[in-house]
Amino acid sequence: MSRSILLMLTMRALTALGLTVLALATAACGRDDAYLPPVLPREPMTTLPPPELSCDETAAPVPEPFVWKRADPLATDLALALALEPDTMCRELGVIPCIEAERVALGGSDPLGTGLYAGSARPGLTTPNAVDRLVLAACAERVDRDARGPAEIVTEIDLAASALDADDADARAAMIADATALHRRLLARDPSDAELEILLDLARPEDGLTPSAREWATLTCFAIGTRTDNLFY
Amino acid sequence: MTDRSTALRRRALFRGLAAAGTVAAFGSALAPRRARAATPAPRLLFVIGASGGASIIDSFLPLLASRATGSRVNELIAYPDAVVQQLPGSSFQVVRNLANAGFSTSPLFQSSFEHVDLVRAHGSDMLVATVENTSVNHVVAQGRALTGAGIDGGRTILEAAAMTHGAGLVLPAVNLASGGYLDPGTRADTPDWARAEIVNDPLRFAASTDGSRGLFPVGDPRMPRSALLSRARAGRERLEDLSPLAAVSSPMRTRYLSLRRDLQPRMESEQLIESLMLVSSGVDLASYGLRPAPAIEAMGLLDRFPNLFEDRFQAQTALAYLLAREGLSAAIGWGPGFAPSFLSDGTITDTPIAFDFSHNDHVTTQNVMWSRVAAMIDALVRLLKETPTDDGTLWDRSLIYVATDFGRERYRPAGATSGFGTGHHLSNGNVFLSPLLRGNRTLGGVATDTAITEGWDPVTGATTPGRNDVREGHLYSLVAHALGIEFANRIDVPAAVR
């Protein structure tokens, strides 16, 4: 019995030691910090040394709790949320639907074109640009349609106004109503008070620049729609 | 050209200042590393993925019919001496462009570039090395062509080159190729920044380097002012801090936020959308506040790539050059894929499924596709040679590796000269071009009775008659050796590297 206990304790000690070593090794790899190139001038002629690897190449990857909402699901969700058509809500240089032009950057596959049968495992270097483009264009289109009327989503503020006063009770209520509607449509939840304040702040004059009502609505939609909450689940 | 030279010198100055600042910031920890690595200049790797099986015996290492032997001599794929050229002083025997030589090939598939002109212009920097591949499955073989069949733990040669020469670049590795040539490496400790950015549309890729420009015409009321967009982005960062997702440790979200916070502003401030813009004349770029890449005019890209806006292979090659020219990337892959490519006049630019159309028509496919590949190599090398740097030209530190899946079968119906198809075969060879290599050299040979390639010794370069022990790992090592890429299993190839 005592030998079994000793054996069990030894095993536990070894396990704890192993986990500690693994944790230290993972930390040493600095994986969370390893996603970007070192910030250096972009010269190809730099004489900096090659990176030195200290990681065990057999180390297990860091677990990923989220799923990436890729090209078509992202575009479809966005189109539904903003009551737009996926093919027309964003066009690159007015010509090609963004979802087609940016499909691979948005994590989609391209089996019939480049023979890319599965999208990238992780967002690529240009993914944030592609997301920003898609959402910004869609938001701008939605607000434009609402401005021309009849308004479907941004219904409370006066989209013809040259500015919005977030400190005026009536204007504030309208802004909160529209921001909340966008938040519900894009993220399927109500915004917190703190989140609303950040969105209302976007309307305030700053550096001599005051957003028009259209600009505020578009950028509020953009800030919500490009949050990682809308990209990962 | 003068402007470019000045710009490069200015960048060199910035580089020196930045490097000095970096050392100051990190103190002695970095100093020894800089001292160690003061010599080798960063180099550029270009990988052309010749999809489908670019057979070396149908291009730059043919078996001449006059030398073919054995009991099946009339069935071997051997070329009549009349269609094989060898320039004075050149070690390469080259199959002619059969259409130019007056031999009837398919009227559907044409490419006018004469293969031997590649040797004529760049033969002193050109090397052919035979290989016995390890797979005849397209996707598997394409992957192995880039990983050396796993000799570097599964890391691709693009990733390895990016790690060695791409640190600090905006897009260290870019891959515009197709199929298995797009597969990322499987080595776990490859940093994410060295993984190749996959690009499926070379003409419109520039738009992907900016978060807003080009979405709306200038003055369009839908587009918020740019300063307000910046303000919204800043507000978004505050929202991220409040996100329920922030409480969960997610490498993917962390990566995304890092890219958005750090790399996106860098891409936009350096105006990559302008330096890489290849969109055709069908779009009024000026109305969008944009302009074509200045290099299009400065380097005469429309003369060099006359079908730039329609021919995907030409567009890929042009973008590969721009990425190198602008100092954005250290490793770039591209090549014809399996999707058919048509011009507006109905011309088919590549045989369908590229080199793999050899299943239907071996001779035409190999001849047309090799002409296409050679033409793109020639155009790229000329551009690189004409692009000055501080100490020469971009070509001085470049290497082109023409990767391919595998070779093709060696036999044809007895006496047939065209109209027959071939299957896949492990035996093959690859083409490399670089001033870093011992050019005007062929490593290995072809057995006259089987048309199977024979191997070579990595040190002496001597042919190993009757057998080929050279594998994908040797070719990976060859590239790595030439580019100064270190890894544990590297097989040095002094027979190939200067």
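Protein chains in written order, with our numbering: chain A, 1 to 233; chain B, 1001 to 1498.
Ideal placement from N, C-alpha and C gives every residue a C-beta, glycine not left out.
Only a predicted model underlies this, so the values are computations on that prediction, with no experimental measurement involved.
Please classify residue i: is it buried, with 16 or more other beta-carbons within 10 angstroms of its beta-carbon, or exposed?
i                    : result
threonine 127/A      : buried
glycine 1300/B       : exposed
proline 111/A        : exposed
valine 1218/B        : exposed
valine 135/A         : buried
asparagine 230/A     : buried
phenylalanine 1342/B : exposed
glycine 1168/B       : buried
leucine 1108/B       : exposed
threonine 218/A      : buried
arginine 1498/B      : exposed
glycine 1070/B       : exposed
alanine 1082/B       : exposed
threonine 220/A      : buried
threonine 1510/B     : Any property of residue 1510/B remains undetermined from this structure, which presents chain B solely from 1001 to 1498.
leucine 80/A         : exposed
glutamate 1486/B     : exposed
If the cut is a Cβ gap below 7 Å, which residues of chain A does residue i touch?
i                : result
aspartate 1210/B : Asn129
glycine 1214/B   : Glu92 and Leu93
leucine 1228/B   : Leu209, Pro211, Glu215 and Leu219
alanine 1232/B   : Leu202, Leu219, Phe222 and Ala223
At a Cβ threshold of 9 Å, is residue i touching chain A?
i                 : result
proline 1292/B    : no
tyrosine 1288/B   : yes
proline 1221/B    : yes
glutamine 1271/B  : no
tryptophan 1456/B : no
leucine 1436/B    : no
alanine 1207/B    : yes
arginine 1120/B   : no
alanine 1050/B    : no
methionine 1267/B : yes
So residue i contacts chain B; which residues on that side make the cut at Cβ distance below 9 Å?
i              : result
leucine 116/A  : Ser1178, Gly1179, Leu1182, Ile1198 and Asn1200
glycine 113/A  : Ser1178, Asn1200, Asp1201, Gly1337 and Ala1339
threonine 88/A : Near threonine 88/A there are no residues of chain B at all, since even the closest Cβ is about 13 Å away, more than 9 Å.
valine 234/A   : Here chain A has residues from 1 to 233 only, and residue 234/A is not among them.
Does any residue of chain B have a CB that is nearer than 9 Å to the CB of residue i?
i               : result
arginine 172/A  : no
leucine 36/A    : Confidence at leucine 36/A is low in this model, with a pLDDT of 46, below 50, so the placement of that residue is unreliable and no value is reported for it.
aspartate 132/A : yes
proline 103/A   : With the sequence shown as reference, residue 103/A is identified as arginine, and proline is not the correct amino acid for it. Yes, its Cβ sits closer than 9 Å to a Cβ of chain B.
proline 44/A    : Because proline 44/A sits at a pLDDT of 39, beneath the cut-off of 50, its placement in the model cannot be relied upon, and the following sentence gives the value as read from the coordinates. Output row for proline 44/A: interface = yes.
threonine 180/A : no
arginine 70/A   : no
threonine 226/A : yes
isoleucine 96/A : yes
aspartate 229/A : yes
alanine 75/A    : no
leucine 136/A   : yes
Mind listing the chain A neighbours of residue i? Cutoff is C-beta to C-beta under 9 Å, in chain order.
i                : result
glutamine 1085/B : Going along chain A, no residue has its Cβ under 9 Å from glutamine 1085/B, so there is no contact; the nearest lies around 34 Å.
arginine 1467/B  : By Cβ distance, chain A contributes nothing, its closest Cβ being about 32 Å from arginine 1467/B, past 9 Å.
Going along chain B in order, which residues have a C-beta closer than 7 Å to the C-beta of residue i?
i            : result
proline 65/A : Val1248 and Ser1250
So with CB distances below 8 Å, who are the chain B contacts of residue i?
i              : result
arginine 185/A : Neighbours of arginine 185/A on chain B: none; closest Cβ ~16 Å, over 8 Å.
alanine 140/A  : Leu1215, Phe1216, Arg1222, Met1223 and Pro1224
Report the residues of the segment 1235-1261 of chain B with a CB closer than 8 Å to any CB of chain A, ordered along the chain.
-> Gly1235, Arg1236, Arg1238, Leu1239, Glu1240, Leu1242, Ser1243, Pro1244, Leu1245, Val1248, Ser1249, Ser1250, Pro1251, Met1252, Arg1253, Thr1254, Arg1255, Tyr1256, Leu1257, Ser1258, Leu1259 and Arg1260
Of all the residues that make up the segment 189-202 of chain A, which are near chain B by a beta-carbon distance shorter than 8 Å?
-> From the segment 189-202 of chain A, only Ser192, Ala194, Glu195, Ile198, Leu199, Asp201 and Leu202 have a Cβ closer than 8 Å to chain B.
Taking 8 Å as the threshold, find out whether the segment 1142-1155 of chain B comes into contact with the segment 1176-1192 of chain B through three or more Cβ pairs.
-> yes
Pull out every residue of the segment 1143-1173 of chain B whose Cβ sits closer than 8 Å to any Cβ of chain A, in chain order.
-> For the segment 1143-1173 of chain B, the residues whose beta carbon sits under 8 Å from a beta carbon of chain A are, in order, Gly1153, Met1163, Thr1164, His1165, Gly1166, Ala1167, Gly1168, Leu1169, Val1170, Leu1171 and Pro1172.
Report yes or no: do the segment 1410-1430 of chain B and the segment 1376-1386 of chain B share at least 3 C-beta pairs separated by less than 8 Å?
-> no
Residues of the segment 1312-1346 of chain B with Cβ closer than 9 Å to any Cβ of chain A, in chain order = Ala1324, Glu1326, Gly1327, Leu1328, Ser1329, Ala1330, Gly1337, Phe1338 and Ala1339
Is the number of C-beta pairs between the segment 1315-1327 of chain B and the segment 1263-1277 of chain B that are closer than 8 Å three or more?
-> yes
Using Cβ-Cβ distances below 7 Å, what residues of the segment 1383-1410 of chain B are close to chain A?
-> Thr1389 and Asp1390
Three or more C-beta pairs below 8 Å linking the segment 1223-1233 of chain B and the segment 1277-1295 of chain B | The segment 1223-1233 of chain B and the segment 1277-1295 of chain B do not touch, with fewer than 3 CB-CB distances between them shorter than 8 Å.
Taking only beta carbons into account, state which residues of the segment 1274-1285 of chain B come closer than 7 Å to chain A, listed in chain order.
-> Residues passing the 7 Å Cβ filter: Val1279 and Val1283.
Three or more C-beta pairs below 8 Å linking the segment 1125-1138 of chain B and the segment 1437-1446 of chain B = yes
The segment 156-167 of chain A: positions lying closer than 8 Å to chain B by Cβ | none
Three CB pairs or more closer than 8 Å across the segment 173-186 of chain A and the segment 218-233 of chain A = yes
Is the segment 1446-1458 of chain B in contact with the segment 1393-1401 of chain B, if contact means three or more CB pairs nearer than 8 Å?
-> Taking 8 Å as the limit for Cβ pairs, the verdict is that the segment 1393-1401 of chain B does not touch the segment 1446-1458 of chain B.
Decide if the segment 1083-1101 of chain B is in contact with the segment 1456-1470 of chain B; the criterion is three or more beta carbon pairs, one per stretch, under 8 Å apart.
-> no
Are the segment 1305-1320 of chain B and the segment 1198-1218 of chain B touching, with three or more C-beta to C-beta distances below 8 Å?
-> These segments touch.
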